[in-house]
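Beneath this line is the structure, given in structure tokens, with notes to follow.
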Amino acid sequence: MTAYESAPITKELAIQWCKGQISQLLNAPGSTIDEDKDFSELGLDSSLAVSLLIEIEQEYGVEISAEELFDNPNITAVAELIIAGAGKSGK
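Per the numbering used here, the sequence shown starts with residue 1177, numbered consecutively.
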């Protein structure tokens, strides 16, 4: 069961989930991932960003374009996109 099929999504849950995904993508401890740092500062390149977008769609049913991701280049902003997208889809 994915997140969007169960409990309502909160900003904090979306932030923690994104931190976990980026931690895995970068092979870095989650405690080192700052949700307000730009993805480029964290070391997230374009191919890893695409992987993150795929994970977001699979987990939350929310499609975020690469352009939206680069216009919102940190975890906090992406968490807000997830919540907004989940609200539109009724999840």
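Even glycine gets a Cβ: it sits at the ideal position worked out from N, Cα and C.
Scanning 1262, 1248, 1261 for the CA closest to the CA of residue 1211 turns up 1248.
Residue nearest to residue 1227 within the set 1184, 1257, 1198, 1252 is 1198 (criterion: CA-CA distance). Residue 1221 and residue 1245 have their alpha carbons spaced roughly 12 Å apart. Here residue 1251 really is in contact with residue 1191; their C-beta atoms are around 6 Å apart, less than 8 Å. One Cα belongs to residue 1261, the other to residue 1215, and the distance between them is close to 20 Å.
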